[in-house]
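First comes the structure, then the notes that go with it.
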Amino acid sequence: MRLPGLSLSGLRGMGSRSVTRAAGAAQSAPEQDLQTAAPAAPGRPLVEVTGLAKSFGKLGVFDEVSLAVGPGELVVVTGSSGSGKTTLLRLLHGQLRPTRGSIWVAGRSLHRLWRRGLGRVRRDVGFIFQDFRLLPRLTALENIILALQISDPQLPYSVIRRRALEVLEALSLGHRGRAYPAQLSAGEQQRVAVARALAGHPQILLADEPVTAIDAQNAHIVVRLLEEAAANGAAVIVASHHNTYRSHRELRLPEGKILPGHRGRKAGVSAQPVRPRLWRRLLALCANSFRLVVLSGLRSWRRDLRLIAPALGSMALLFLLCGLLSLVGVAVADVGARAADQASVVRVYLAPDAAPADVAALKARLAADPRVESIREVSAEQALREANGRPGLGALASLSTSNPFPASLDVRARRLTDVGTIAALAKGDPAADPSYPTSYDPDAYSRLQRMGLIVGGIGAGLLLLFLFVAYSVVANSMRAIATARREEVLVTRLLGARGWMLRGPFVVQGLATGAFAGALAAAVVAGGWFLADRFAAATYSQVLPGAGPVAIRFVVAGLLTAGLVLGALTALLGFRRLRA
Ligand SMILES: Nc1ncnc2c1ncn2[C@@H]1O[C@H](COP(=O)(O)OP(=O)(O)O)[C@@H](O)[C@H]1O
Ligand SMILES: [Mg+2]
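At position 398 of the sequence shown (counting the first as 1) the number is 398 in this note's numbering, and the numbers step up by one without a gap.
Shown next, in the form of structure tokens:
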């Protein structure tokens, strides 16, 4: 039978995994420190298992399994259903921890570094899951592209895409690339899963019953592709009921007996791929990171908008409340400042018969006091004029034919608390009116203080209450998002994703939510101010004095910043829930 487009050797273009391994070693030095072992030396097995035992509680699956698979070898793991084939492959992939024994994969000891540095190992391993594990919200092509981006983000996107298309074509799925997993038959899904594992040319391939759902003709293609991967130098381990492969060895489970394989081909020497230039790799890394983090985060955000909506709404309301409260705060501060300004003046009434020399002496004495900021002389006529300007006092003034207002010195204190002392200084002076020497507001300070405390307390209380409500709403919807994406994150982690690839899209999602909520609140505040200023400027300046365009600009900027910060924080919070 002729199988058109079967060979994948043609895909071995620039930058396969083995190429970037050298670059990756330098770049991921901290991660490398976690590895307990030397690099895989040539001739050394890529997979080595000794005395491996695994049991789930009391159920022992297998005991004393030993196996070594070198580059270019294909080993088939056989056994009846429930004999532990999947369990063995999962152990080799770091999904399970061995009960006993040691596991070395690509020169790294899995039994010791379980969990830590697993991503590094998994990027070297292609895994074909028995239950496919495709990401349901990505198309067939996107599933393969994602795996390639994860395993080698320094590969240019154009190369990644071409490879993904070629491998789909090789599995006669070229026409189904745009279909979502749910739109594919089980056989087609399994072929996509095979394509995903093969596309990156991993040095180790683990295939868990890779042809169970596939028709005979396509199963033949898959078998040939796996054999070819081994022929090109990969270590291939296939779990299967029967050994229908040209294998080098067969491992029978659960006994762990090793049988000779049949017709195993000698491994060919694979061509060393060309290593792309550094700038190309860096550029590709940036582009792939952008796709993996920003684009995928925004895409998830749009897709999960229904789940995000409650968080978005409560964040926007919280921000709106903060914005309004800060405007009220500005207005209160403005009123307070004006009241303090008025209250810091001590009016020293001059005696009607005061000699100009005495007045000058009193003025000089007060001006010399460090607590006094300035002194203004007010003549009787001026006082009358000023009184006429005020509604109540003007009527009072008109009752009398003579001027009832005495001349005075308006002494401005530097600090509001000093008005009493300054008044005492003037009292008893020959120039001051003996019966009614001064007029000032002695309680202004404590009154202002009390007002500030009450207004601040009410504001803080409201804010805290709303913060609490908003926190629970946001946390709830983050949990919903995390739950919705649990499977996705799990699979991405199984593909060997680095931490930032997992966390990044979440942060982008949070940032988008926060920014949107902040912008919404800012728009309401700015729009409200614009309308008020346009149509009810007089009322507005009375209700919120001092909250002018400058204050509005600060509030808008503050809301946008708060949106971004809170968004990122809630995203990280959601991610932590996911890990737990
Ligand atoms: N996570 C698990 N918890 C408990 N038992 C498990 C778990 N995974 C597998 N098993 C049990 O281990 C045995 C081997 O399973 P598995 O490796 O899936 O078999 P196979 O792939 O050969 O059909 C089965 O009896 C199965 O029920
Ligand atoms: Mg199985």
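The C-beta atom is built at its ideal place from N, Cα and C for all residues, glycine as well.
Every value quoted in this text rests on a predicted model; they were computed, and no experiment measured them.
Check	Outcome
For V419 and V359, the rounded distance between their alpha carbons	20 Å
Buried versus exposed call for T539 [16 or more other C-beta atoms within 10 Å across all chains shown]	exposed
Any non-hydrogen atom of ligand 2 within 7 Å of T86 CB	yes
Cβ separation of T513 and L285, assumed to be a contact under 8 Å, to the nearest whole Å	Between L285 and T513 the Cβ distance is about 27 Å, and since that is not below 8 Å, they are no contact.
Whether F628 touches G84 by CB criterion (8 Å)	Outside the modelled stretch of the chain, which goes from 1 to 580, sits residue 628, for which no answer is possible.
Three or more C-beta pairs below 8 Å linking the stretch 199-210 and the stretch 172-181	no
Anticipated Cβ contact below 8 Å, L138 with V121, distance rounded	The pair is not a contact, with the Cβ atoms about 24 Å apart (cut-off 8 Å).
Boundaries (first-last residue) of the beta strand (DSSP E) holding P260	257-260
Whole-angstrom distance between R275 and A22, CA atom to CA atom	Residue placement at A22 cannot be trusted, given a pLDDT of 38 that sits under 50; what the coordinates show is reported in the next sentence. In a straight line, the C-alpha of A22 is about 10 Å away from that of R275.
Contact test: Q130 Cβ vs ligand 2 heavy atom, cutoff 7 Å	yes
Presumed contact (8 Å Cβ cut-off) between G187 and I214, rounded CB distance	5 Å
Those residues which DSSP pairs with E48 across a bridge	A68, W104
Y471 - DSSP class collapsed to helix/strand/coil	helix
Any non-hydrogen atom of ligand 2 closer than 7 Å to A213 Cβ	no
Beta carbon of V473 nearer than 8 Å to that of T570	no
Which listed residue (E48, P71, E142, R100) has its alpha carbon closest to that of T492	E142
Best match in N218, E228, G101, H248 for proximity to V75 [C-alpha to C-alpha]	H248
Candidates S289, S477, A235, of which the one nearest G72 by Cα	A235
Anticipated Cβ contact below 8 Å, D334 with G546, distance rounded	3 Å
DSSP-derived helix/strand/coil call for A413	strand
Per-residue DSSP class, three states only, for F466	helix
CB contact flag (Y349, P404, <8 Å)	no
Closer than 7 Å: V61 CB and nearest ligand 1 heavy atom	yes
Inter-residue CB distance, A229 and A179 (contact presumed, cutoff 8 Å)	About 25 Å; that fails the 8 Å criterion.
Residues of its chain near A526, where Cβ-Cβ distance is below 7 Å and the 5 sequence neighbours each way are ignored	I552, V556
V411 vs I375 beta-carbon contact at 8 Å	yes
Cβ neighbour criterion (16 or more within 10 Å) applied to T561	exposed
Through-space distance from R371 to R415, alpha-carbon basis	7 Å
Residues bridged to F62 (per DSSP)	K54
Length of the line joining the Cα atoms of Q582 and L146	Residue 582 falls outside the range modelled here, since the chain spans only 1 to 580, and no answer is possible.
Cβ neighbour criterion (16 or more within 10 Å) applied to A503	The residue you asked about is not Ala; residue 503 is Arg in the sequence shown. Buried: at least 16 other Cβ atoms inside 10 Å.
Minimum length 4: unbroken alpha helix (DSSP H) runs contained in the stretch 170-254	186-199, 216-231
Residues that DSSP places opposite V159 in a beta bridge	Paired residues: none, contrary to the question.
Cβ-Cβ distance between R133 and A199 below 8 Å	no
Pair within 8 Å by beta-carbon distance, T78 and H242	yes
DSSP-derived helix/strand/coil call for V274	coil
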